[in-house]
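Everything on this sheet refers to the single structure shown next.
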Amino acid sequence: MAAHVALVAFLYVILTVARAPAIWGIGRRNDGSNPWASLEPRISANLSNQFEWPLLFYVACLILLQAQPIPLAVGLAWIFVGGRIFHSLIQVLTRNVRLRGIVFTINFIAVLGLWAIIVAGYWHGPAA
1 MAAHVALVAF
11 LYVILTVARA
21 PAIWGIGRRN
31 DGSNPWASLE
41 PRISANLSNQ
51 FEWPLLFYVA
61 CLILLQAQPI
71 PLAVGLAWIF
81 VGGRIFHSLI
91 QVLTRNVRLR
101 GIVFTINFIA
111 VLGLWAIIVA
121 GYWHGPAA
C-alpha cells in the first residue's frame, strides 16, 4: 500500500510541474505556451484512476493485514502495484489503449485474487 501511495504522490508532483506554466508562468515557452499541455490531461486522468479500482485493493489489504496474509496474497499485492506503475507509464507517455487495457486487466485480476483469498478464507484470520 505504501508503494501505491508513493506512486500517487509522484503523480501529484508531476501534475503540479505540468500545470506550472499555465498556473504560475514557470516554464512557459517563449511564445507563452505550456510545453506540458498535451501530457497534463493524461496525468490528471491517470491520477483520477488511482482512486477507483485501487480502493478495493486497499480494503482487501486492510482485511488481510488483520493477520498474517499468505504469500500468494503478498504476491498479488505486488503484481497490482507493479501493474499500476506500468499502467501509469502507458497512460501518461503513450496513447496505446490496447496495452493499457491489458495491464488494467492484470491489475483487476490481482485484486479479484485478493478478494478470492478473503472470501475463501485462505488466510490466517484473526485469532478468536
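So in my numbering the end of the sequence shown lands on 128, straight run, no missing numbers. Cβ atoms here follow ideal geometry from the backbone N, Cα and C, with glycine treated the same way.
Selected residue, minimal CA-CA separation from residue i, among the options
i: residue 17; options: 55, 43, 121, 58; result: 43
i: residue 78; options: 89, 54, 10; result: 54
i: residue 49; options: 19, 7, 34, 2; result: 7
i: residue 45; options: 112, 65, 70, 88; result: 88
Cβ neighbours of residue i in the same chain (closer than 6 Å, five flanking residues each side left out)
i: residue 147; result: Outside the displayed range of the chain (1 to 128) lies residue 147, so it cannot be described from this structure.
Extent of the continuous alpha helix (DSSP H) run through residue i
i: residue 91; result: 71-93
Secondary structure of residue i, DSSP reduced to three states
i: residue 30; result: coil
i: residue 121; result: coil
i: residue 52; result: coil
i: residue 38; result: coil
Cβ-based burial, residue i [other Cβ within 10 Å; buried from 16]
i: residue 80; result: buried
i: residue 67; result: exposed
i: residue 110; result: buried
i: residue 71; result: exposed
8 Å CB neighbourhood of residue i in its chain, flanking five on each side removed
i: residue 90; result: 96, 99, 100, 103
i: residue 47; result: 8, 11, 12, 15
Proximal residues to residue i (C-beta, below 7 Å), its chain only, five neighbours per side dropped
i: residue 27; result: 20, 21, 35
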